[in-house]
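Peer 1: Under the numbering used here, the first residue of the sequence shown carries the number 3, and numbering increases by one thereafter. Here a beta-carbon is modelled for each residue, glycine too, at the ideal position from N, C-alpha and C.
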Amino acid sequence: MTGAPSAGQDFGGQDIILLTGQARKASDLLKALSHETRLLILWLLSEDEKSVSELEDLLALPQATVSQQLARLRLDDLVSTRREGRMIHYSITNPEVSAVVRTLYELLCGPEKRDR
3 MTGAPSAGQD FGGQDIILLT GQARKASDLL KALSHETRLL ILWLLSEDEK
53 SVSELEDLLA LPQATVSQQL ARLRLDDLVS TRREGRMIHY SITNPEVSAV
103 VRTLYELLCG PEKRDR
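1) Who are the near neighbours of residue 58 in its chain, counting only those whose CB is closer than 8 Å to its CB and skipping five residues on each side?
2) Starting from residue 85 and walking both ways along the beta strand (DSSP E), at which residues does that stretch end?
3) So, for residue 100: in the same chain, excluding its five sequence neighbours on each side, which residues have a beta-carbon less than 6 Å away from its beta-carbon?
4) Cα separation between residue 3 and residue 24?
5) Considering only residues of the same chain and omitting the five flanking positions on each side of residue 45, which have a CB-CB separation below 7 Å?
6) Can you tell me the Cα-Cα spacing of residue 113 and residue 20, whole angstroms?
7) For residue 75, which of 26, 33, 97, 18 has the nearest alpha-carbon?
8) Judging by CA-CA distance, which residue of 85, 54, 86 is the nearest neighbour of residue 71?
9) Identify every residue that forms a DSSP beta bridge with residue 90.
10) Quick one, which of 22, 31, 30, 42 has its alpha-carbon nearest residue 110's?
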């Protein structure tokens with residue numbers, strides 16, 4: 003199947019079940035992206051992994067706020083952690099999530115959008 007599903011398309015029993023599961027995953031991702039701070043965090047992490055303190059500085063937000071949103075992203079399995087001494091570094095777990103986040107950034111914040 004290529005492209006978006008069309009009206010009246012027959013998916014057969016298995017196809018619609020698979021499509022429903024994928025729609026649920028997409029819906030969960032969009033829910034996570036619907037929070038401004040989480041979206042900003044994911045935009046920053048799409049460039050490279052970052053520590054909590056780096057994210058705090060870049061976002062100019064309190065540590066508690068950043069940590070709370072990172073915890074939610076971990077719960078949704080969108081970010082993972084790597085410990086280096088006392089420092090915890092966060093990165094995006096899935097390359098598909100990273101691609102979606104980068105695409106959103108380009109569509110909404112790309113060079114042509116900044117000129118407006």
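Peer 2: Result, derived from the coordinates:
1) 64, 65, 68
2) 81-86
3) 48, 94
4) Low local confidence applies: a pLDDT of 47 at residue 3 is under 50, so the model's placement there is unreliable, and no value is given.
5) 103, 107
6) 37 Å
7) 33
8) 54
9) 85
10) 42
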